[in-house]
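Residue numbers (the working numbering), protein chains in the order written: chain A, 4 to 295; chain B, 384 to 660. Accompanying notes for the structure given below.
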Amino acid sequence: ELTGRMEGIVRNLRGQGKLTEKNIDESLRQVRRALLEADVNFKVARTFIDTVKVKALGQGVLRNLSPGQQMVGIVHQELISLMGEEAVEVAIAESPPTIVMLAGLQGSGKTTATGKLAHHFLGAGHRPILAAADVYRPAAVKQLQVLGEQLEVPVVALGDSRSPLAICKVAVDRAGREDRDVVILDTAGRLHVDEEMMEELRGIRGAVHPHEILLVVDGMTGQDAVNVAEAFDQDLDIDGCILTKMDGDARGGAALSIRQITRKPIKFVGVGEKLDALEVFHPERMASRILG
Amino acid sequence: VGRYDRIDEDLLEEIESILLQTDVGVETTLRIIDGLRDRAVDRRTRNPDDLMDLLREEMADILGDAPAPASDQRPRVIMIVGVNGSGKTTTAGKMAARYAGEGKKVLIAAADTFRAAAIDQLEVWARRAEADFIRHQHGSDPSAVVYDAMQAATARDADVVIIDTAGRLHTRDNLMEELKKIKRTTGKQMDGAPHEVLLVLDGTTGQNALSQARVFSEALGGLTGIALTKLDGTARGGIVFAIGVHLGIPVRFIGVGEGIEDLQEFDAPAFVDALFN
Ligand SMILES: Nc1nc2c(ncn2[C@@H]2O[C@H](COP(=O)(O)OP(=O)(O)OP(=O)(O)O)[C@@H](O)[C@H]2O)c(=O)[nH]1
Ligand SMILES: Nc1nc2c(ncn2[C@@H]2O[C@H](COP(=O)(O)OP(=O)(O)OP(=O)(O)O)[C@@H](O)[C@H]2O)c(=O)[nH]1
Ligand SMILES: [Mg+2]
Ligand SMILES: [Mg+2]
Numbered sequence: 004e005l006t007g008r009m010e011g012i013v014r015n016l017r018g019q020g021k022l023t024e025k026n027i028d029e030s031l032r033q034v035r036r037a038l039l040e041a042d043v044n045f046k047v048a049r050t051f052i053d054t055v056k057v058k059a060l061g062q063g064v065l066r067n068l069s070p071g072q073q074m075v076g077i078v079h080q081e082l083i084s085l086m087g088e089e090a091v092e093v094a095i096a097e098s099p100p101t102i103v104m105l106a107g108l109q110g111s112g113k114t115t116a117t118g119k120l121a122h123h124f125l126g127a128g129h130r131p132i133l134a135a136a137d138v139y140r141p142a143a144v145k146q147l148q149v150l151g152e153q154l155e156v157p158v159v160a161l162g163d164s165r166s167p168l169a170i171c172k173v174a175v176d177r178a179g180r181e182d183r184d185v186v187i188l189d190t191a192g193r194l195h196v197d198e199e200m201m202e203e204l205r206g207i208r209g210a211v212h213p214h215e216i217l218l219v220v221d222g223m224t225g226q227d228a229v230n231v232a233e234a235f236d237q238d239l240d241i242d243g244c245i246l247t248k249m250d251g252d253a254r255g256g257a258a259l260s261i262r263q264i265t266r267k268p269i270k271f272v273g274v275g276e277k278l279d280a281l282e283v284f285h286p287e288r289m290a291s292r293i294l295g
Numbered sequence: 384v385g386r387y388d389r390i391d392e393d394l395l396e397e398i399e400s401i402l403l404q405t406d407v408g409v410e411t412t413l414r415i416i417d418g419l420r421d422r423a424v425d426r427r428t429r430n431p432d433d434l435m436d437l438l439r440e441e442m443a444d445i446l447g448d449a450p451a452p453a454s455d456q457r458p459r460v461i462m463i464v465g466v467n468g469s470g471k472t473t474t475a476g477k478m479a480a481r482y483a484g485e486g487k488k489v490l491i492a493a494a495d496t497f498r499a500a501a502i503d504q505l506e507v508w509a510r511r512a513e514a515d516f517i518r519h520q521h522g523s524d525p526s527a528v529v530y531d532a533m534q535a536a537t538a539r540d541a542d543v544v545i546i547d548t549a550g551r552l553h554t555r556d557n558l559m560e561e562l563k564k565i566k567r568t569t570g571k572q573m574d575g576a577p578h579e580v581l582l583v584l585d586g587t588t589g590q591n592a593l594s595q596a597r598v599f600s601e602a603l604g605g606l607t608g609i610a611l612t613k614l615d616g617t618a619r620g621g622i623v624f625a626i627g628v629h630l631g632i633p634v635r636f637i638g639v640g641e642g643i644e645d646l647q648e649f650d651a652p653a654f655v656d657a658l659f660n
């Protein structure tokens with residue numbers, strides 16, 4: 004189950020009696036390279052390596068493991084514990100409706116994730132209603148309406164309204180009147196450096212008080228993941244993240260960067276374009292995928 | 384190389400960390416740093432400013448400045464491809480507007496017949512760009528749309544045909560086959576088509592972009608260029624250096640926003656400068 008660079012570490016430490024600072028450093032150079040190739044952020048990788056080095060130095064001699072196996076074991080363990088818990092659920096509000104808000108960069112998969120979450124909640128016996136709060140992108144509202152029709156779930160859209168805030172409020176209000184116990188707010192893609200658009204999100208949050216704010220991040224994101232996650236978290240205090248498009252062959256290092264910088268859980272993983280293509284997060288699988 | 388001053392090695396390390404943080408990738412970064420050392424030795428470069436100039440020169444060279452494939456064939460057929468959400472439909476709209484602004488008659492083909500409201504989205508762009516628009520029903524065969532568009536382009540004497548395709552992961556063989564069929568369809572209708580196959584890459588993408596470029600290029604018998612989008616954010620798009628080194632595919636356009644004007648022709652020296660700012 005060891006491939007690539009991790010296997011190389013075990014090989015290179017063959018014949019060494021125990022872990023020394025010198026051979027630890029050499030192994031960590033290879034680990035760092037593996038992390039960078041997997042799109043882990045440069046500074047996040049450095050912090051991770053420093054932590055692992057301390058643990059390796061403090062490890063002492065383990066009779067039944069070779070130094071190489073020890074090293075890989077420490078790296079794996081540290082990565083898994085950083086990845087966080089398995090399958091953290093969306094918090095259901097004590098008194099309905101539970102309000103879930105999605106946010107993220109352009110094209111990350113929010114509208115599709117809105118549909119997938121609705122499908123997920125339907126499966127758990129809930130009655131979702133969706134808010135089409137992207138008034139900017141051409142046919143964004145129509146896109147969500149099509150998904151709503153496929154799921155037989157109502158979609159709130161205000162014909163000529165240019166106010167995402169108004170749309171979200173109406174959706175929450177309708178949830179109460181139509182006995183829908185989950186509201187999912189699909190927002191427009193935006194840059195974390197677009198002050199006006201980030202203010203719009205803060206405004207929605209302040210007016211509607213979502214129980215759950217999820218950052219939707221494209222699984223193939225590179226070094227920039229840290230900037231995006233940090234900014235959205237600082238502005239909104241997100242509750243977690245959905246990592247999308249993981250049905251491809253991107254290594255997904257963005258996951259480690261997001262975890263390191265926000266300490267918030269990755270709750271779901273998108274694994275396809277269909278509305279049932281949403282999985283709960285598995286930290287061990289993610290760790291293996293990143294280490295390659 | 385032991386003749387280096389300490390300052391140079393420190394500077395090289397700083398350059399390395401900048402390149403890595405802009406998604407240039409480990410292997411290509413090492414290649415660039417080694418190349419820089421060689422150039423510096425060749426030209427006996429010592430001071431940091433001159434070293435940075437050498438670096439900019441080396442990196443601009445990697446990106447090249449190959450002009451778009453020339454052809455006076457009419458219509459010019461441009462196929463737009465790439466993974467999900469990278470900015471293809473928006474880029475197609477911007478390009479249509481650009482050509483229309485040059486007085487060209489543009490026809491847009493809605494070959495994404497799969498994703499919810501994809502055709503509606505592209506139709507808005509066609510109206511904005513004042514381009515002709517060819518569409519079929521949602522769920523129909525994309526190649527049939529393209530066939531229809533090629534026929535219409537001839538009948539209407541269009542200058543440019545822009546084909547927007549559905550987003551697809553390069554790991555989906557059946558979807559890559561669908562793309563090949565679209566390409567064949569243009570070629571059957573017109574010798575030499577498509578004249579351009581443009582890969583739209585999201586500027587925030589990491590190392591996976593190299594794999595995307597490789598697979599799309601292999602499937603389609605080459606890519607004529609890349610459109611690198613969303614550079615108005617904080618991502619730098621350094622992955623195009625890896626693509627330049629390994630595949631030699633040039634960047635033709637960059638996307639710098641969601642508006643119709645937010646498309647720029649690629650300027651390598653400016654791009655390299657932005658990387659270091
Ligand atoms: N393969 C795959 N494609 C996905 C996944 N999630 C979303 N997509 C696709 O990614 C593209 C973008 O998805 P959208 O839901 O429109 O993204 P968005 O974040 O709402 O985009 P904006 O509203 O423009 O910011 C579409 O083609 C989706 O079908 C996933 O997990 N896997
Ligand atoms: N900020 C910014 N956003 C962009 C740029 N180009 C495209 N976008 C946005 O990215 C999102 C996705 O764009 P689309 O054109 O729908 O992408 P696509 O590749 O056609 O998506 P699929 O067809 O679903 O695969 C939209 O919200 C666009 O407005 C750009 O250069 N800058
Ligand atoms: Mg959307
Ligand atoms: Mg599209």
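Beta carbons: idealized from backbone N, C-alpha and C, even for Gly. Just so we're clear, the structure is a prediction, and the values are computed from it rather than from any experiment.
Between the options, which has its C-alpha nearest residue i's C-alpha?
i	options	result
A:M249	A:K172, A:E40, A:F284	A:F284
A:Q308	A:R254, A:D252, A:A160, A:R266	No information on residue 308 of chain A is available, as it lies outside the stretch 4 to 295 that chain A covers here.
A:M74	A:D240, A:P100, A:L22, A:S291	A:L22
A:F51	A:L188, A:L82, A:D252	A:L82
A:E92	A:V156, A:I216, A:R180	A:I216
B:L490	B:L394, B:A541, B:P452, B:I445	B:A541
B:I546	B:L552, B:T554, B:R555, B:E506	B:E506
A:C171	A:E199, A:M223, A:G76, A:E203	A:E203
B:A499	A:K56, A:V144, A:E181	A:V144
A:A136	A:Q19, A:L31, A:P157, A:A174	A:A174
A:H123	A:V185, A:G179, A:A134, A:Q72	A:V185
B:D444	B:K487, B:I415, B:V544	B:I415
With a threshold of 16 other CB atoms inside 10 Å of the CB of residue i, please say whether the residue is buried or exposed.
i	result
A:R14	exposed
A:L120	buried
A:H212	exposed
B:G589	buried
B:G661	The requested residue 661 of chain B does not occur in the structure, where chain B is confined to residues 384 to 660.
A:G87	buried
A:L68	exposed
B:A567	Reading the sequence as shown, one finds Arg at residue 567 of chain B and not Ala. Flag for B:R567 reads exposed.
A:E276	buried
B:A653	exposed
B:V460	buried
B:E396	exposed
A:I293	buried
A:L259	buried
B:R426	exposed
A:L1	Look at the range of chain A in this structure, 4 to 295, and you will see that residue 1 of chain A is not part of it.
Since residue i is in the beta strand (DSSP E), which residue starts that stretch and which ends it?
i	result
B:G608	608-612
B:D515	515-517
B:F636	634-638
B:A493	489-494
B:L584	579-585
B:Q647	646-648
B:L569	Residue identity differs from the one stated: residue 569 of chain B is Thr in this sequence, not Leu. Per DSSP, B:T569 belongs to no beta strand (DSSP E); it is in the alpha helix (DSSP H), 556-572.
B:D547	543-548
Tell me where the alpha helix (DSSP H) around residue i begins and ends.
i	result
A:E10	7-15
A:D72	Reading off the sequence shown, one finds Gln at residue 72 of chain A, where the question assumed Asp. Start and end: 70-86.
A:V47	45-60
A:V173	167-180
B:D421	409-425
B:L593	591-603
A:L188	Per DSSP, A:L188 belongs to no alpha helix (DSSP H); it is in the beta strand (DSSP E), 185-189.
A:V34	24-40
### Task
Could you pull out every unbroken beta strand (DSSP E) segment of at least 3 residues lying fully inside the region 215-282 of chain A, listed in chain order?
215-221, 243-247, 269-273
### Message
If the cut-off is 7 Å on Cβ atoms, which residues from the region 32-66 of chain A count as contacting chain B, listed in chain order?
### Response
R36, L39, E40, D42, F45
### Query
Looking at chain A, which residues of the region 443-476 of chain B have a Cβ within less than 8 Å of any of its Cβ atoms?
V466, N467, G468, S469, G470
### Query
In chain order, what residues have a CB nearer than 7 Å to some heavy atom of ligand 6?
Annotation note on ligand 6: not contained in the displayed structure, which lists ligand 1, ligand 2, ligand 3 and ligand 4 as its ligands.
### Complete runs of the alpha helix (DSSP H) confined to the region 102-145 of chain A [at least 4 residues]
113-126
### Message
Report the start-end ranges of each alpha helix (DSSP H) in the region 441-509 of chain B that is 4 residues or longer and not cut off at the edges.
### Response
471-484
### Query
Using a Cβ cut-off of 9 Å, which residues of the region 213-229 of chain A contact any Cβ in chain B, in chain order?
D221, G222, M223, T224, G225, Q226, D227, A228
#### Entry: the region 226-252 of chain A: positions lying closer than 9 Å to chain B by Cβ
Q226, D227, A228, N230, V231, A234, T247, K248, D250, G251, D252
### Query
Using a beta-carbon distance cut-off of less than 7 Å, what residues from the region 572-590 of chain B approach chain A?
D585, T587, T588, G589, Q590
### Message
Closer than 9 Å between beta carbons: that is the criterion. Which residues of the region 106-138 of chain A meet it against chain B?
### Response
L108, Q109, G110, S111, G112, T114, T115, G118
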